[in-house]
Amino acid sequence: MKTMVTGCPAEFTLKMIGGRWKIFIVHQLLEGTLRFSELQRRINGLSANVVTPKMLTQELRQMEADGLVLRTVYPEVPPRVEYSLTPMGCSLEPVVEAMVEWGRRLEREFGIPVEHCK
């Protein structure tokens with residue numbers, strides 16, 4: 000897990016959830032536990048861009064190391080791996096909700112066109 004050395008909680012938060020795909024990952028895992036392929040499919044269904052398996056793996060590994068995501072491997076053949084949010088990851092729900100609402104507000108109150116998710 001990262002240690003806050005910046006002295007700025009906002010900067011630390013951005014380091015934890017910054018990155019192109021982390022907020023998408025959190026948003027999808029807030030709905031429940033997912034396997035890798037399902038998580039990738041859902042993210043690619045939301046974004047105008049495509050998350051590659053390599054990039055998704057990197058983001059998930061970093062989030063696991065930071066204590067946001069739990070990776071569970073089941074001793075089956077073929078192997079089954081599932082991802083879920085830890086309690087710390089779940090605590091990001093109000094952050095994600097605030098980001099969504101802010102995007103809606105830009106469009107509604109300021110007339111700024113916001114590219115909608117697919």
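Under numbering that gives the first Met the number 0, think of the first position of the sequence shown as 0, with each following residue one higher. All residues carry an ideal CB built from backbone N, CA and C; glycine is no exception. Fair warning: this is a prediction, and the values are worked out from it, not measured in the lab.
Cβ distance (whole Å) where residue i is taken to contact residue j below 8 Å
{"i": "residue 69", "j": "residue 85", "result": "5 Å"}
{"i": "residue 88", "j": "residue 25", "result": "6 Å"}
Residues of its chain near residue i, where Cβ-Cβ distance is below 8 Å and the 5 sequence neighbours each way are ignored
{"i": "residue 78", "result": "72"}
{"i": "residue 34", "result": "79, 80, 81 and 82"}
Contact with chain D by residue i, beta-carbon distance below 8 Å
{"i": "residue 40", "result": "Looking for chain D here will not work: only one protein chain is present."}
Contacting residues, own chain, Cβ-Cβ under 6 Å from residue i (five flanking each side not counted)
{"i": "residue 32", "result": "81 and 83"}
Burial state of residue i, where buried means 16 or more other Cβ atoms lie within 10 Å
{"i": "residue 58", "result": "buried"}
{"i": "residue 15", "result": "buried"}
{"i": "residue 117", "result": "Because the pLDDT of residue 117 is 47, which lies under 50, any placement of that residue in the model is unreliable, and the number read from its coordinates should be weighed accordingly. Its Cβ having fewer than 16 others within 10 Å, residue 117 is exposed."}
Straight-line Cα distance separating residue j from residue i
{"i": "residue 20", "j": "residue 55", "result": "7 Å"}
{"i": "residue 28", "j": "residue 96", "result": "14 Å"}
{"i": "residue 61", "j": "residue 100", "result": "27 Å"}
Proximity winner among the options, relative to residue i (alpha-carbon distances)
{"i": "residue 9", "options": "30, 104, 94 and 110", "result": "94"}
{"i": "residue 23", "options": "47, 74, 107 and 75", "result": "47"}
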